[in-house]
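**Q** I'd like to ask you about the structure that follows.
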Amino acid sequence: MRGSLRLIFAYTVKFVLLFLFVLICACNKSEHQKGKSSKPAKVINGVKESELTTVILSPKAEQRLGVETSVAEYQSIRNTLRLGGEIISPPGHQARIAAPMAGTVYGINSDELLPAGTQVKRGQAILNLLLLTPEKDLAGVREAVEVKKVQLEVAQAQADRAKLLLQDKATSEKIYLEAQAGLAVASASLKAAEARLRLLKGTGMESETEGLSTFVLKSPVDGVIQRIYVAPGQAVSASTLLFEVASQDPVWVRIPVYVGDVVKIDQQKDAIIQSLGNVNNINVYKAKPVNGPPLSDSNSVSSDLFFEISNPDGFFRTGQKVSVLLTQLGSGNRIVIPWSAIMYDINGGNWAYLRTAPYTYSRRRVEVSSVIDGFAVVTRGIDKDDEIVTTGAAEIFGTEFGGGK
2 MRGSLRLIFA
12 YTVKFVLLFL
22 FVLICACNKS
32 EHQKGKSSKP
42 AKVINGVKES
52 ELTTVILSPK
62 AEQRLGVETS
72 VAEYQSIRNT
82 LRLGGEIISP
92 PGHQARIAAP
102 MAGTVYGINS
112 DELLPAGTQV
122 KRGQAILNLL
132 LLTPEKDLAG
142 VREAVEVKKV
152 QLEVAQAQAD
162 RAKLLLQDKA
172 TSEKIYLEAQ
182 AGLAVASASL
192 KAAEARLRLL
202 KGTGMESETE
212 GLSTFVLKSP
222 VDGVIQRIYV
232 APGQAVSAST
242 LLFEVASQDP
252 VWVRIPVYVG
262 DVVKIDQQKD
272 AIIQSLGNVN
282 NINVYKAKPV
292 NGPPLSDSNS
302 VSSDLFFEIS
312 NPDGFFRTGQ
322 KVSVLLTQLG
332 SGNRIVIPWS
342 AIMYDINGGN
352 WAYLRTAPYT
362 YSRRRVEVSS
372 VIDGFAVVTR
382 GIDKDDEIVT
392 TGAAEIFGTE
402 FGGGK
């Protein structure tokens with residue numbers, strides 16, 4: 002009896018353990034299948050981007066907007082490379098003027114000097130330099146004044162004596178004239194010495210310039226005053242920099258180019274220059290290549306190319322950063338469309354409208370590599386023979402977003 006109970010208990014325990022094992026396996030399998038079938042994200046009512054950017058116009062609306070189209074086509078386009086450049090003054094068209102002698106700086110017509118940025122002509126007076134006397138201290142100048150006074154008294158006495166002798170006919174008229182000339186020289190020397198003394202004392206500055214040696218410094222070139230290194234009334238020594246003038250027409254464009262790309266560039270072709278941020282391709286200039294100093298930067302592994310551009314209206318200034326389009330060797334077939342067909346969104350993206358059906362226009366995202374002679378070179382987004390809106394794209398864009406006609 003006791004053995005039967007033990008046998009029943011053993012089978013019962015085994016059955017319970019087997020049941021629990023089967024139950025655990027079933028639960029794990031159910032959870033695994035449930036996790037496998039679930040997705041990490043679910044999109045409801047998904048719509049393609051092309052379906053969101055389609056505008057259907059009525060015939061009357063299309064006529065009112067003045068929509069015109071053209072067909073995208075392949076053209077043989079030379080390879081180009083867009084880089085950044087800097088406007089510089091050509092060698093020999095800028096000058097730094099230094100003081101030839103020690104002196105005091107003053108303006109031409111007033112105490113103020115011409116400010117930096119002033120347009121000047123070649124030969125135009127920029128400032129006056131009042132040359133200092135050899136005496137470097139006030140005591141020496143005072144001594145010179147006393148000496149000149151004594152010399153004037155002696156010359157006056159000689160002139161008076163010569164006059165009396167001439168009246169008594171005891172001397173010649175030549176000796177009398179020499180005595181008068183000596184008196185005039187002594188008087189002028191005294192006036193100059195007194196003017197130097199007042200200059201060192203800092204009194205009567207406006208009236209003393211006539212009695213001092215004045216050196217007028219002029220601009221050697223047509224251009225703009227870049228910097229003024231001195232102030233009015235400042236005493237300067239010899240070789241002190243006074244001002245700098247740089248020519249603005251013509252100007253050079255310095256372009257640092259990676260040395261690996263230099264051999265790919267056609268250095269005989271003109272470069273296209275435009276200011277930064279010129280998204281509408283306005284004020285585009287052509288610059289011709291020139292031979293400049295063969296400079297290179299080992300840190301950036303670059304070599305400099307130079308181009309010359311005419312600048313009669315002063316649009317470019319020295320130090321200005323510009324965008325440069327260089328022509329590379331070789332050419333290829335590229336899809337081109339009129340530049341007027343390109344639209345920009347608020348994020349700077351490029352778009353164009355395609356006519357996909359009568360009165361139906363789809364906005365397509367495009368990628369523009371360059372703009373040449375009013376045509377945009379498209380590398381992605383448009384295929385050959387696509388019908389592109391060239392006139393009225395802005396109106397369709399406004400119609401799509403609620404701001405059109």
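Using our numbering, the first residue of the sequence shown is number 2, and each one after it goes up by one.
Where is the CB? At the ideal position from N, CA and C, for every residue including glycine.
1) Just reading off the alpha helix (DSSP H) that P290 is part of, what are its end residues?
2) Got a sec? Which residues, its chain only, sit under 8 Å from V252 by beta carbon, not counting five neighbours each side?
3) Given a cut-off of 8 Å on the beta-carbon distance, is the pair T81 and L327 in contact?
4) Answer with buried or exposed for D387, where buried requires no fewer than 16 other C-beta atoms within 10 angstroms of its C-beta.
5) What is the rounded straight-line gap between the Cα of L306 and the Cα of G399?
6) I need the boundaries of the beta strand (DSSP E) containing G331, first residue and last residue.
7) Where do the ends of the beta strand (DSSP E) carrying R65 lie?
8) Just the C-alpha distance for G212 and R197, rounded to the nearest angstrom, thanks.
9) Which runs of the beta strand (DSSP E), 3 residues or longer, sit entirely within the segment 370 to 395?
10) State yes or no: is the C-beta of G86 within less than 8 Å of the C-beta of V285?
11) Just the Cα atoms here: how many angstroms apart are L130 and A194?
12) On the three-state DSSP scale, how would you describe V222?
13) Curious, which full-length alpha helix (DSSP H) runs of at least 4 residues does the segment 70 to 124 contain?
14) Where does Y177 sit, in a helix, a strand or coil, going by DSSP?
15) Do L166 and T172 have their C-beta atoms within less than 8 Å of each other?
16) Does the distance from the CB of D374 to the CB of L330 come in under 8 Å?
17) Three or more C-beta pairs under 8 Å: does that hold for the segment 354 to 364 against the segment 378 to 398?
18) Can you name the residues that DSSP bridges to E309?
19) Between G315 and the rest of its own chain, which residues show a CB-CB distance below 6 Å, the 5 nearest in sequence each way excluded?
20) May I have the straight-line CA-CA distance separating E154 from A182, to the nearest angstrom?
21) If you run the structure through DSSP and keep just helix, strand and coil, what is L130?
22) Check whether the Cβ atoms of T70 and I389 sit closer than 8 Å, and answer yes or no.
23) Rounded to a whole number of angstroms, what is the C-alpha to C-alpha distance between Y345 and G278?
**A** In this structure, then:
1) Taking the first residue of the sequence shown as position 1, residue 290 is located at position 289. Counting along the chain, P290 falls outside any alpha helix (DSSP H), though it belongs to the beta strand (DSSP E) covering 286 to 291.
2) Taking the sequence shown and counting its residues from 1, one reaches residue 252 at position 251. Taken in chain order, the residues that qualify are I88, I89, S90, P91, E309, I310, N312, F317, T319.
3) What you label residue 81 is simply residue 80 of the sequence shown in a count that begins at 1. What you label residue 327 is simply residue 326 of the sequence shown in a count that begins at 1. Cβ distance < 8 Å, so T81 and L327 count as in contact.
4) Position 386 of the sequence shown holds residue 387. D387 is buried by the Cβ-count criterion.
5) Translated into positions along the sequence shown, residue 306 becomes position 305. Translated into positions along the sequence shown, residue 399 becomes position 398. So the two alpha carbons sit approximately 44 Å from each other.
6) What you label residue 331 is simply residue 330 of the sequence shown in a count that begins at 1. Per DSSP, G331 belongs to the beta strand (DSSP E) from 322 to 339.
7) Locating residue 65 in the sequence shown gives position 64, where the first residue counts as 1. Following the DSSP letters along the chain, one finds R65 in no beta strand (DSSP E) but inside the alpha helix (DSSP H) bounded by residues 60 to 66.
8) In the sequence shown, residue 212 corresponds to position 211, counting from 1. In the sequence shown, residue 197 corresponds to position 196, counting from 1. Because G212 carries a pLDDT of 44, less than 50, the predicted location of this residue cannot be relied on, and the following value inherits that uncertainty. Cα to Cα, G212 sits roughly 8 Å from R197.
9) Complete beta strand (DSSP E) runs here, min 3: 376 to 381, 388 to 392.
10) Here residue 86 corresponds to residue number 85 of the sequence shown, with the count starting at 1. Here residue 285 corresponds to residue number 284 of the sequence shown, with the count starting at 1. No.
11) Numbered from 1 along the sequence shown, position 129 holds the residue referred to as residue 130. Numbered from 1 along the sequence shown, position 193 holds the residue referred to as residue 194. Rounded to whole angstroms, L130 and A194 show a C-alpha spacing of 18 Å.
12) As a working mapping, residue 222 is identified with position 221 in the sequence shown. DSSP places V222 outside both helix and strand once states are collapsed to three, so it counts as coil.
13) Secondary structure remark: continuous alpha helix (DSSP H) runs of at least 4 residues inside the segment 70 to 124: none found.
14) For the purposes of this step, residue 177 is taken as residue 176 along the sequence shown, with counting starting at 1. DSSP places Y177 in helix when its eight states are reduced to three.
15) As a position in the sequence shown, residue 166 is number 165, starting the count at 1. As a position in the sequence shown, residue 172 is number 171, starting the count at 1. In this structure, L166 places its C-beta atom within 8 Å of the C-beta atom of T172.
16) For the purposes of this step, residue 374 is identified with residue 373 of the sequence shown, where counting begins at 1. For the purposes of this step, residue 330 is identified with residue 329 of the sequence shown, where counting begins at 1. Their beta carbons are not under 8 Å apart, which means D374 does not touch L330 by this criterion.
17) In the pairwise beta carbon analysis, the segment 354 to 364 is classified as touching the segment 378 to 398: at least three pairs are separated by under 8 Å.
18) For the purposes of this step, residue 309 is taken as the residue at position 308 of the sequence shown. Paired residues: W253, K289.
19) On the sequence shown, residue 315 is found 314 positions in, with the first residue counted as 1. Taking C-beta separations shorter than 6 Å and ignoring five residues to either side along the sequence, the partners of G315 in its chain run Q249, following chain order.
20) As a first step, residue 154 is located in the sequence shown; it is residue number 153 there, counting from the start. As a first step, residue 182 is located in the sequence shown; it is residue number 181 there, counting from the start. Approximately 14 Å, taken between the alpha carbons.
21) As a first step, residue 130 must be located in the sequence shown, where it is residue number 129. In the three-state DSSP reduction, L130 falls in the strand class (E or B).
22) Counting from one through the sequence shown, the residue named residue 70 turns up at place 69. Counting from one through the sequence shown, the residue named residue 389 turns up at place 388. In this structure, I389 lies closer than 8 Å to T70 by Cβ.
23) Residue 345 sits at position 344 when you count from the first residue of the sequence shown. Residue 278 sits at position 277 when you count from the first residue of the sequence shown. Between Y345 and G278, the C-alpha separation is close to 13 Å.
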